[in-house]
Amino acid sequence: MTIKVTIVPVTPYQQNCSILKCETTGKAAIVDPGGDIERILAAVEQLGGTVEKIILTHGHMDHCAASDVLRQQLSVPIEGPHEGDRFWIDKLPEWCKMANFPVAEAFEPDRWLVAGDTVTVGAQTLKVFHCPGHTPGHVVFVHDAQRVAWVGDVIFQGSIGRTDFPQGNHDQLISSIRNTLFPLGDDITFIPGHGPTSTFGQERQSNPFVADERYG
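If you want it as structure tokens, here you go:
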């Protein structure tokens, strides 16, 4: 194994925050820290990695609300999501207030991502895929060598992301899944933003929203 992964469910939404550690260098990244900073940092300490960055799939509060506090606390950059989600991050204080979520301030990532970019974690490289639909700036991270993807709220085991939020688009989401993610390979295991892991192959067979039989 070249990347070791710990999944930490955070916030009342039980969002899957992932901690990735490059086993070659000991460098680590935190994916989608939505809250519960103490729990995240305890998991980092248990994993034994040195955090070098925070990476974000999209701008919803349960995925990014703790990012800026962690950035300041750890003196590390934030990479992602795509700039299409700027309006979500800019309005973080409002969304948090409406949802009775812990207060979070708006922030600017150190690097917005686009399709075709790569993100490094130590000696490991993650490919970046722009997968709009749930949000316009949603990105997915794929580690080719281990055949693992971090898909945020694009697809879940047996379900797909909601598209009834501002600038959500159902047709775009289906296209992101079927035309961007599924061609990457049935063998890819994905870690979703909520719930259990699955594989693209399993979802192509059985997911009622995007299975092959539904789309011929």
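So for the sequence shown, the UniProt record's numbering puts the first residue at 1; every next one is plus one.
C-beta: ideal position from N, C-alpha, C; glycine also.
Simplified DSSP state of residue i, which is helix, strand or coil
{"i": "Cys17", "result": "strand"}
{"i": "Ala106", "result": "coil"}
{"i": "Ile7", "result": "strand"}
{"i": "Ile37", "result": "helix"}
{"i": "Ile188", "result": "coil"}
{"i": "residue 229", "result": "This structure cannot settle anything about residue 229, because the visible part of the chain is limited to 1 through 216."}
{"i": "Ala145", "result": "coil"}
{"i": "Lys91", "result": "coil"}
Residues of its chain near residue i, where Cβ-Cβ distance is below 7 Å and the 5 sequence neighbours each way are ignored
{"i": "Asp144", "result": "Lys127"}
{"i": "Leu20", "result": "Ile3, Val5, Ala28, Ala29, Val31 and Val121"}
Counted within 10 angstroms of its Cβ, other Cβ atoms place residue i as buried (16 or more) or exposed
{"i": "Asp187", "result": "exposed"}
{"i": "Thr118", "result": "exposed"}
{"i": "Glu108", "result": "exposed"}
Anticipated Cβ contact below 8 Å, residue i with residue j, distance rounded
{"i": "Glu105", "j": "Asp68", "result": "6 Å"}
{"i": "Phe190", "j": "Ile155", "result": "7 Å"}
{"i": "Thr50", "j": "Gly26", "result": "6 Å"}
Residues that DSSP places opposite residue i in a beta bridge
{"i": "Arg111", "result": "Glu79"}
{"i": "Ala29", "result": "Leu20 and Lys53"}
{"i": "Gln124", "result": "Val121"}
{"i": "His194", "result": "Gln15"}
Cβ neighbours of residue i in the same chain (closer than 8 Å, five flanking residues each side left out)
{"i": "Ser18", "result": "Val5, Thr6, Ile7, Val8, Ile30, Val31, Asp32, Trp150 and Ile191"}
{"i": "residue 244", "result": "In the structure as shown, the chain begins at 1 and stops at 216. Residue 244 is therefore absent and cannot be evaluated."}
Residues near residue i in its chain [Cβ-Cβ closer than 6 Å; skip 5 each side]
{"i": "Gly84", "result": "Pro136 and Gly137"}
{"i": "Ile78", "result": "Ile54, Ser67, Arg71, Pro109 and Asp110"}
Test: residue i CB closer than 7 Å to a CB of chain C
{"i": "Leu181", "result": "Here there is only one protein chain, and chain C is not present."}
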